[in-house]
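K.L.:
Residue numbers for the sequence shown, in UniProt numbering: 1 to 94.
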Amino acid sequence: MSSNDEEQVDPGLQKFLEAEVQRQQFQSLVNSLSSTCWDLCVADRLGPRLDGKSQTCIANCVNRMIDGSTYIVQRLQEHSEKNASSNSGGGVFS
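1) Start and end of the alpha helix (DSSP H) containing Gly-11?
2) Using a 10 Å radius around the Cβ and a threshold of 16 neighbouring Cβ atoms, would you call Ser-85 buried or exposed?
3) DSSP state of Ser-94, grouped into three classes?
4) Distance check for Asp-51 and Arg-23, CA to CA, integer angstroms please.
5) Consult DSSP for Gln-8 and reduce its assignment to one of helix, strand or coil.
6) Are Val-62 and Leu-29 close, meaning C-beta to C-beta below 8 Å?
7) Can you give me the C-alpha to C-alpha distance between Lys-53 and Ala-59, rounded to a whole angstrom?
8) Identify, in the order they occur along the chain, each residue of the same chain with its Cβ nearer than 8 Å to the Cβ of Val-42, setting aside the five sequence neighbours on each side.
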């Protein structure tokens with residue numbers, strides 16, 4: 001495939017592929033959260049049903065992990081923006 005072929009990718013196809021990548025990343029995150037929170041909240045007291053304590057634990061676990069992920073993403077964005085503005089002045093680290 002030549003570079004001209006790569007430049008002529010259908011925009012609709014490109015958008016679809018980007019959406020699929022995001023969907024897969026989201027599904028991977030859900031699986032990771034489910035596994036981690038299940039191990040923390042349920043693994044030791046597995047019964048025929050989830051009791052209220054386990055349900056609450058899972059909900060709190062997922063919420064805390066989402067909060068943590070959001071915080072990290074925000075901090076990385078702030079750091080990236082700060083570095084981008086300081087790099088224009090010649091400094092690499094702030």
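All residues carry an ideal CB built from backbone N, CA and C; glycine is no exception. Quick caveat, the model's predicted, so the values are computed rather than measured.
P.N.:
Reading from the atomic positions:
1) This sequence places Pro at residue 11; Gly is not what is there. From DSSP, the alpha helix (DSSP H) with Pro-11 extends over 11–41.
2) exposed
3) With a pLDDT of only 45 at Ser-94, under 50, the local geometry of the prediction cannot be trusted, and no value is derived from it.
4) 31 Å
5) coil
6) no
7) 10 Å
8) Leu-50, Ser-54, Cys-57 and Ile-58
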